[in-house]
Ligand SMILES: Nc1ncnc2c1ncn2[C@@H]1O[C@H](COP(=O)(O)OP(=O)(O)OP(=O)(O)O)[C@@H](O)[C@H]1O
Ligand SMILES: Nc1ncnc2c1ncn2[C@@H]1O[C@H](COP(=O)(O)OP(=O)(O)OP(=O)(O)O)[C@@H](O)[C@H]1O
Ligand SMILES: [Mg+2]
Ligand SMILES: [Mg+2]
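Chains as they are written, first to last, in this note's numbering: chain A, 1 to 324; chain B, 1 to 236; chain C, 1 to 473; chain D, 1 to 390; chain E, 1 to 325.
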C-alpha cells in the first residue's frame, strides 16, 4: 500500500492468529463473537443460505464476500433477527439468538446496516444520527416529558453525532431532511448512524458501494480506529481493494454455503474463489481488454475475454432451454 | 448530445447543478465521476426530464429536449438506469424486461437473448419477482431493462454498484461493447478507475459543475484527480 | 293515576270528528287492572307510552272487505252492534276453518254464546271493558279434537282498544320450516352473488390503488353513479334496459376519465402525497354523495325488472334470472380483467407504475395514459357493480355505494392489496361471510362477523391472502 | 311543571300580537332526508294557515337541517337557530338526533317539539318541561296492528324491524299483542339504519315459514319487500306501519295488493294531503310524494301557536306552560279541530282542546300525547292504499 | 342577509364543546398518524369507547363522573391493546382498513340489541349529566358576552374541555420534542431501520396508539358531556372529519389539530348560515331547503380545495412536501 493523498493513515498490521486449526470453511476461532450452526433459509425451491458452521472472530474485521445472490444479505438478516431461518441455531457472545427479535439483537450490541439504504426521510440527518444512540433516557415514555432528565445526555449524543457527521462528510447536510441525500450520502448516513450506538459488533452490508473512492479510504481508516477501540466488524463488500486493505479475515459464500475462509491474502489466491467470484483479472486494464487503448493484453486479459465469451454462449443456451 | 450551462435543483432556491456543461459526440462513451452529492445523479435526471431544469439547455441531435417527459425521451431512443429504485419490485424479472421494451414489444425475443447473454443468471430466473432479488441481482435487472430497448443514447447511474468483481468487469466490457456498436453512453461511476479505463472522455463533477474533463487516461493519471476523487486504494 | 285519561270512542264517531257539536268521546278512567298502566310511573325506563286513548276502527269486522260473510250473517255478529267492546276470533283446525264451534263469553253478569261461521269466525259484543271468561264447547269440535291445556276455558281481557281478538289454532301444528342445510346452501348462493358484485368494485379499488397508490374513498360514489345513470336512462328516459345499462356504463367510463383528467392528474402533477390525496377522495366522496342527493333526493328508486321472482333450479337453490345474469356477467368480466391485468402490456404497466412511476416513465411508459385507462376501467367496473348492486338489494339510492364501501375495502385487503385475483378471492369471502354469518349471529351485527374474520386472517397473513411479503435488506 | 297555573293571569294583561319564531330541525340531508319534505310541508302549511287566519299570532319559520348522526348537520343547525332567537324548535325526526341537541336547546330555554320521536327516554328527560311531541304511540299502534293481523287469520307472523327506538318499540308491542291473540311470532329479525341489503334477514324470516310478515321501518321497505317477494313470499301478506305506509305506487317494484298497514290519524273530511301537496308544489316546485309525520308536524306548529296565544307570550317556558292545556290535557277545554276556531276561542278567554290531523292529541304532564286514532289501510292493485276502517 | 347574526353564530364555534372534542380527537390522531405514521382510521371507535365508557359507568355502575372518565381512559387503553396486538405489524394501508373495520365493529356492538341492557342499542344513552354538573365550580348565572354567552353548565363543559385539550396539546408538545418522539418519527419513516438501531418498534407504536387513543376517548367524553351518546354518531364519517381536521391543521404539528377543528367547524357553521340565507334572498337558484344539501357538496369541495392548495396543512411544513411519497 502506498501512502495516500488524504493523508492520515499508516498501513497497519492485520490481526492474526484468529483461528485454530486449518483455515477451512467453518473453522474454529480463538475467540468467536458469533457462532452459527446449520443455519438454513429456503425461499420456495431456492436455498439462499445453508451454513454448516460459522464463527466470526472478536475484535477483528471480517469480510464476507461472494457472488451476487450468494446469500450474504440473507445471512445478515438471519443473524440479526430480521428473518427467521428454517433451521439452525446461532449465538452472539454465547447467547443464543434464535427467536430473539431484531431490536433486542441490536440492543445486545450487534448493529447492522442495510444494503438498500433506509434513510429516515423526513427526519433531519442529525436526527437520524441521534436516533442511532442507544440507552437514551428520553426514550422512555414517562421520562420523555421531563426534559431535565435527558437533556444533558442528549447534548452529548448531539456532539458525538456532529463529530461522526464531519468524518463522513455529511456535516453540511446535518440540518437537511435525509430525503434530500444523494445515493452515496445515504450509504454514508446509514453507516454513521449504525456507529452512533457504539456497537460491539457492526455488520455493514456493502457500506462503500456508491461511495466515492477517496472518501472510502478515509472511512476505512476510521473503521480501523474503531477496531483498535475493540469493535468487531463484519462487512459485505465487492470492492476487493477495500477487502484487502482492512479485512483480517475473509469468509467466502457461494450459493448459500461457506466455501472458503482465511486471511485475505490466502483466500484471494484460492482458485475456487477466483473462479466463482473474483475472476482472475482483477488487475487487467479494461481499456486494453476492450481495445480502447493499445497495450499489452497479456495472458490474463485474453483469458478474461475468452471466459466472457464462453459464459455468454453458455448462458444463451441455458436461457433458451429454460424458455422451452 | 449537448448540455449547456445547466442549472437545476430540487428545493426552491437551491440549485444543485450550477452551470454544468457536457458534450457527448455521437458514439462516444463518457464517464462522470465525482464526490458524493456532487450532482452527478441530478445531472442525469435533469437530462432525462426527471428534475426540473431551471436554466441552460439540453440538446440531443441538435434539438432541445428540455421539458420533455421521460416517456417522450424514451421514444427518442434515450435509455436511463437510475441509481436507486431501479427495478419494479412486484414484477417478475421477465416483466421488468418487458417494461424496458414497452414501446416496442415485438422485439422482445431478440433483445432478451442479447440481454441474457450478458447476465446469464437472469435468464434462469425469469419468473422470480424482482423484489426478492439480492442487491447485485437487482442491479443486473436494472441494467438489462435499459438495454432491452436498444437505445441510441444510454444514461447509466452507477451500473456497477453492488455487482461482484467478475460481474463488474463484465458490465464494463458490455457497456463498452454496446458503445462500440454505436450507442452514445454517459456513465456515472464511483468505481472510477474502471470507468475511466474504458471511457473515451471523462468529466469530474464537483459541487454542481464540471471541475475537470479530459480523456479517460488523462484523468486517471492526473494527480489532482487522484488525490481528490480516486484515492489510492486501487493503485497497486 | 287519576289524571291519566283514556279516550274510548266508537269508530263511527271518528267520522264525525270535525263536527264539534257532537260529543264524540267518552272519557273513562283507565282501569287499574289494565296492564300497561304500570308504565305510567315517571321513572319507568321501559316505555313512555301509556295511557293512550284509543280509537280502533278495525274492531268492526264489517268494515273489512275480507270478511263479508260476517256482515251478512246477523246471528254471528249478534250483539256486536249494540256494544262498544268486542271479542272476536277465528277457530281453525290444521289451517282449515271450523264451522259451528260454540264459543261462550262470560263475565260480570254478561254471558253470550255464538257459533263460528263458515270461515271459522266468531264475534261477541260486550257491554264493558272488563275481564271475561272465554269457553270453547269442546263437544262442538270435530271428534277426537280437544283444545289443548286450559285454553278451552281462558280468561280474556281488553288492551288499549275496544277489540280483543282470540284466535284458536288447533291441530298438530307441525310447521314445515326451511332446514338449516337448505338455508345454508341458499345463503352460499346469495353470498357468491354478492361477493361477485363486490369483486367488480373491489378490483377497481385494487387497480387504482395498485397503480397510483391512492386509497379511493370516492369509489363508493362511482358505484352509486352507475346505478343512478341506469336509473336515469332506464326509468326516467325510458330507454330499453340493455341500452340504458350500456349508456350507464359508457357514462361511468366518462365519469372516471373526467375525474382523472379534472382532478387526480393535476393533483399528481402538483406532487401531492398519498395521504392528502386520500383526504381529497374523502372530500370528493362527500361532495358527490350530496350531489346525488340533491338530484334524486333521499328515496329509493327501482330499476326495471327489479325484484323478479326466483326460480327453483335444483334442491334449495333458487335464483332469479337477474341473479343468473348478474353472476354470469361478473364472472366473465372478472376473468377478462384478470387476464388483461396479468397478460397485457398495459396490465403489467399498471403494476410497474404502482411500484415506481418515475422508473415506469423512464422505461417509456406513458404513465398518465395508463392511469387514465385504469380510472376509466375502474369506473366502468364500479358502475357495473352499482347496477348489479341496485338489482341485488334491490333499489337505487343516493348513498347505496357508501354502505358497501367498507366491505369493498375489506375484500381488497383480505385478498392482498394490489392483486387483482386477491380482490376477487377477498370479495367472495366477504360476501359469503356476510350472508352466512347471520345463521349464528344476530342480524344487526351481520357485518361484524366479516370484519372480525378480516382482522383474524390478517393476524396470520399480514400481507393478505394472495399478497406477498416484501423482502428486507 | 304543567299547565296548572291559570291562563287567565296572562290574558288579563293587554294583548299584543305575538310573533312566534320557530326553527325547524328536520332532515333535509342524509339518510333520513326522505322524512324531511312531509314534515316540512306540515310545518309550512300550518304556518300558512295560522298567518292567513291572522288571529293575534304570526309565525315565522327559520328552516334548518337536522341531517343525520352521520353527517352531523344538527351540530351547526341548532346553534344557528338558537342564535336566531327562535322560541321553539320543531324536530327532530329521529329520537337519536333529538337526544344530541335537546340539552343544548333546554339550556337556552328554547322549547323542542318533535313530530316523530317515539323513544321512551324523553318521558322523564330532565327537560324543564321544554320537550313535547305529537308522535304516535307505538303501544297503541302495535295493538291495532296485532289485532288486525289476528283478524286476518294469521297464525304465524314474521317481523322484520328497524333497530332503533321506533322499530324496537313497535315490534315489541306488536309481538306482545299478536301473541296475546293466540298467534305466534315465528321470526323477528332486526336491521340497522345503515343496512342496504336485507336478504340475510329475509332468509331467516322466511325459513320459519310465516303466514304474514310485518315490516316495521321506513324508506328501506321498498328494498325489504322485493327481497321477500323474489324469494317466493306472497306480496299480499305484508303488514306495514306508519313509517312505511306510503303510497308506494311504482316505487315498489313488486305488487303488494292486499297488504295492509296502520297509521295514526282520524279519517279526514278535508283533503289535508292535497293541501300539503299544493303547498309544497308552490313553495318548492317539486311533488310531495310522502306524508309520513306531516300531520304530526302540522299539529305541532298549531299547538305552539295556540300556546303562544294562550300564554300571551312566546317564551319557551310560557309556551310549555300552556301546551298541555290547549291540547286538552287539563280536561275542560272546548273541542276544536282547526287553528282559527281555537284561536278565536282563546282570544275570547276560553279554554280549548285542540284535536288535529294526527289525532285527538292530549298531552300528559311529560309532554307525551295520550290519545291517538289509528287508521287501517289496505293496498290495491296499483300499490296505493286506501283506508278500510273509518 | 343578516351578517351580524351569521357572524355571531359562526363565532360561537370558536369555543364550543364540539370543536374541543374534535380538536382532542384530532390531537390524538396527530400522535397516531402525524408522528408515528399509524394510519388509524378508527378514531371514531376510540371516541365511541370514551363516550360509552363514561355514560355506562355512570348509568349502569353508578360511578362518579371523574371515575367514569378514568373508565373511558381505561377503555381506550384496552381497545388500543386489542387493536394493536394483531394490527401493528401490518403495512400502513392495511392498518387503515383494519382500523376502520375495528371502529365499525365497536359501533355495531354498541348498536346491536344484544347488549341493550347496557347500551340501549340504537337509541343511545342519556341522563348522566348530574354528577358532572354538581361538580361545577361556577355558580349559577350567565357568563360571557355576545356570541359567547353561556349558562353555568355550558361554561363548565367548555372550561373543562379546554383544560383537557390544553393538557393533551402540552403532552404532545413535550413528547414530540423528546427522544421518544424522535423514535416515533423514525418509525413513521422506516420501522426496519429503527428496529436495526435497537428500538422496540412495536412497543413504541403501541405507546403511541394508546396515548392517541386516550386523547380520542377524552374527545368522546367531551363530546358526550353536554349531550347524549348515540351510536350512529360514531360512524366512519366521524373519523373522516377528524382526519380532515388533522390535515387542515397540519399532520405533524402540535397546534394544527386544534386549529383544524376550529377551521372545520367554522366553515361548516358559516356555510350552514350563509347558504340558506343566500337562497332566501334569491342569490342561489334554489330553495333554502335545497341549500341544506348544497352545504355538504360545498364542504366536500372546500375540503378538496384546501388539501389541494395547502396539502401540508395550515401549520404544516412546506419543505416536507417535497419529499412525500
Ligand atoms: N424473499 C425472497 N424470496 C425469494 N428469493 C429470495 C428472497 N430473498 C432472497 N432471495 C434469493 O436468495 C438469494 C440470496 O440473496 P442475498 O440477498 O442474500 O444475496 P447477496 O449475497 O446479498 O447478493 P448481493 O451481493 O447481490 O447483494 C438470491 O438469489 C435472492 O434472489
Ligand atoms: N430529492 C432531493 N431533494 C433535495 N436535494 C437533493 C435531492 N436529491 C439530491 N439532493 C441533493 O443534491 C445534491 C446532489 O445529489 P446527487 O444525487 O446528484 O449526487 P451524486 O453526485 O449522484 O452523488 P452520489 O455519488 O452519492 O450518488 C446532494 O447534495 C443532495 O443532497
Ligand atoms: Mg446483498
Ligand atoms: Mg448519485
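All C-beta atoms in this analysis are idealised placements derived from N, C-alpha and C, irrespective of residue type, glycine included. Predicted, not measured: the structure shown is a model, and the values here were computed from it.
For residue i, which option in the options has the closest C-alpha, if you only look at C-alpha atoms?
i	options	result
residue 207 of chain E	E:49, E:77, E:18	E:77
residue 224 of chain D	D:236, D:210, D:252, D:208	D:252
residue 149 of chain E	E:174, E:259, E:11, E:27	E:11
Is there a C-beta anywhere in chain E that falls below 7 Å from the one on residue i?
i	result
residue 141 of chain D	no
In angstroms, rounded to a whole number, what distance separates the CA positions of residue i and residue j?
i	j	result
residue 60 of chain B	residue 1 of chain B	4 Å
residue 142 of chain A	residue 125 of chain A	26 Å
residue 17 of chain E	residue 140 of chain E	19 Å
residue 216 of chain B	residue 262 of chain A	36 Å
residue 110 of chain D	residue 130 of chain E	20 Å
residue 225 of chain E	residue 211 of chain E	21 Å
residue 275 of chain D	residue 45 of chain D	8 Å
When you compare the CB positions of residue i and residue j, do they come within less than 7 Å of one another, or not?
i	j	result
residue 131 of chain A	residue 91 of chain E	no
residue 379 of chain D	residue 257 of chain D	yes
residue 293 of chain C	residue 293 of chain E	yes
residue 218 of chain C	residue 285 of chain C	yes
residue 33 of chain D	residue 308 of chain C	no
residue 36 of chain D	residue 81 of chain D	no
Mind listing the chain G neighbours of residue i? Cutoff is C-beta to C-beta under 9 Å, in chain order.
i	result
residue 64 of chain B	Of the protein chains in the structure, A, B, C, D and E, none is chain G.
Counting only beta-carbon atoms, is residue i nearer than 7 Å to chain B?
i	result
residue 336 of chain C	no
residue 277 of chain A	yes
Buried or exposed for residue i, please, with buried defined as at least 16 other CB atoms from any protein chain shown within 10 angstroms of its CB.
i	result
residue 28 of chain A	exposed
residue 484 of chain C	Past the boundaries of the shown model lies residue 484 of chain C; chain C is included only from 1 to 473, so the question cannot be answered.
residue 52 of chain D	exposed
residue 104 of chain D	buried
residue 95 of chain C	exposed
residue 189 of chain B	buried
residue 42 of chain B	buried
residue 336 of chain C	exposed
residue 304 of chain D	buried
residue 243 of chain C	exposed
Spell out whether any CB of chain C is found under 7 Å from the CB atom of residue i.
i	result
residue 55 of chain B	no
Please confirm whether residue i has its beta-carbon closer than 7 Å to some beta-carbon of chain A.
i	result
residue 336 of chain E	The structure shown does not extend to residue 336 of chain E, since chain E spans only 1 to 325, so no value can be given for it.
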